[in-house]
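Protein chains: 2
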Amino acid sequence: MVWLQKLFTKTDNDNILSDKTDERDWLNLDPQVFGRSKIFFSTNQSIDLYELEELCDSVGWARRPLRKVKKALDHSYLVASAWEVRGAKTSLIGFARATSDHAFNATIWDVVIHPRFQSKGLGKAFMKYVIRKLRKDDISNVTLFADAHVVEFYQRLGFIPDPEGIRGMFYYPE
Amino acid sequence: MVWLQKLFTKTDNDNILSDKTDERDWLNLDPQVFGRSKIFFSTNQSIDLYELEELCDSVGWARRPLRKVKKALDHSYLVASAWEVRGAKTSLIGFARATSDHAFNATIWDVVIHPRFQSKGLGKAFMKYVIRKLRKDDISNVTLFADAHVVEFYQRLGFIPDPEGIRGMFYYPE
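Going down the list, the protein sequences come from chains A and B.
So for the first sequence, our numbering puts the first residue at 176; every next one is plus one.
So for the second sequence, our numbering puts the first residue at 176; every next one is plus one.
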């Protein structure tokens, strides 16, 4: 099993080298897995919409109008991103965002990790980071709508499907 | 069966007496059901937090800190309310709100209709009003998390539970 060294547990603050200036949370990576790559998470790194589109392309998502993507990012409560730094190059390798009422509910959307970084523990660490950011703001509950094939992934992170019979429901335009 | 007269269909605009000044959508009510009450829906009527708390009390919801309720309302994309006008008195009888990224997703929360107005078609008309307001803004899909006993109610309105195996999931604080 490939892993990130004990990340984001309450006793492991020394594993996060927080840079207050640009709020980059650098990961302490296993070099046997990640080689010379450095990776950080951020909630305020500016995102190039074309680079985000490329990331979404890499996991096969349908393209969306960039104008609408920009609007959605502008009106998201949290925009989280994961970045690989390799030499002089910084590349977007993960993304997630959340809508919220800033009090009771936050809902996570558009979670994506580049295929090259999947199955390495990065998605788990990234979601823990997102949850931590939302919980820090005293938001009562965090929700999401999980595709069938990632329900177990989110369960392992502590998400409960249909708690007390609550069902996620969608209304699509006619 | 008790009913509201043909409400909010595309050919029935004359049933909505829109008052542009304060954006009240008056309902055309069956007097045999509603007597002398007049009812309107609004998305910009200012809401007294104590009156909202009373409404939530009437359906047995757990009380929430008003400070947090205010914050949630301030940061909701849509705050919809239903009002009964009887003589000189205007009372809050229904409420719903939605968070949104203003583009792809809106999520409806805190739907409540006063018990005195339940099973009269009002909840259905109110939700159609909420959906209409969200759809008007070109939001791609409208979601919600339905308690087990209202899943069928939302299904009749066109909401689909777990479409393509998508599951609603909740993360609660430890």
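Quick reminder that beta carbons are idealized off the backbone N, C-alpha and C, glycines included.
Bounds of the alpha helix (DSSP H) holding Y304 (chain B) are L297 to K311. Annotation for L332 (chain A): no beta strand (DSSP E) segment contains it, and DSSP assigns it neither H nor E. When A:V208, A:Y347 and A:V305 are compared, the shortest CA-CA separation from T274 (chain A) is found for A:V305. By the C-beta criterion, the segment 286-295 of chain B is judged not to be in contact with the segment 307-324 of chain A, since fewer than 3 inter-stretch pairs fall below 8 angstroms. If you ignore the 5 residues before and after R199 (chain B), its C-beta comes within less than 6 angstroms of the C-beta of F215 and S217, all in its own chain and listed in chain order.
In this structure, DSSP gives V234 (chain A) a state outside helix and strand, which the three-state scheme calls coil. Across the structure, N219 (chain B) and R272 (chain B) are spaced so that their CA atoms are roughly 12 angstroms apart. Separation of the CB atoms of L224 (chain B) and L241 (chain B) is rounded to 5 angstroms, and the pair is thereby assigned contact status at 8 angstroms. When secondary structure is reduced to three states using DSSP, L202 (chain A) falls in the coil class, being assigned neither helix nor strand. Within its own chain, the residues whose Cβ lies closer than 6 angstroms to the Cβ of L248 (chain A), once the five positions on either side in sequence are excluded, are V254, listed in chain order.
For F320 (chain B), the closest of B:L309, B:I335, B:R307 and B:K308 by C-alpha to C-alpha distance is B:I335.
Our two residues, Q207 (chain A) and K295 (chain A), have alpha carbons roughly 11 angstroms apart in a direct line. One alpha carbon belongs to A237 (chain B), the other to R239 (chain A), and they sit about 40 angstroms apart.
With contacts defined as CB atoms closer than 8 angstroms, F209 (chain B) and A257 (chain B) fail to qualify as a contacting pair. In the three-state reduction of the DSSP assignment, R291 (chain A) falls in the helix class, which pools H, G and I. In the structure shown, D249 (chain B) falls within a helical segment according to DSSP collapsed to helix, strand and coil. Restricting attention to B:M344, B:R211 and B:D205, the CA atom closest to the CA of A263 (chain B) is found in B:R211.
The continuous beta strand (DSSP E) containing S266 (chain B) extends over residues K264 to S275.
Of the residues B:I268, B:G340 and B:A278, the one whose Cα lies closest to the Cα of K213 (chain B) is B:I268. Under the three-state reduction of DSSP, F328 (chain A) is assigned to helix. A:Y346 is the residue among A:Y346, A:F328, A:R261 and A:D276 whose C-alpha sits nearest the C-alpha of E339 (chain B).
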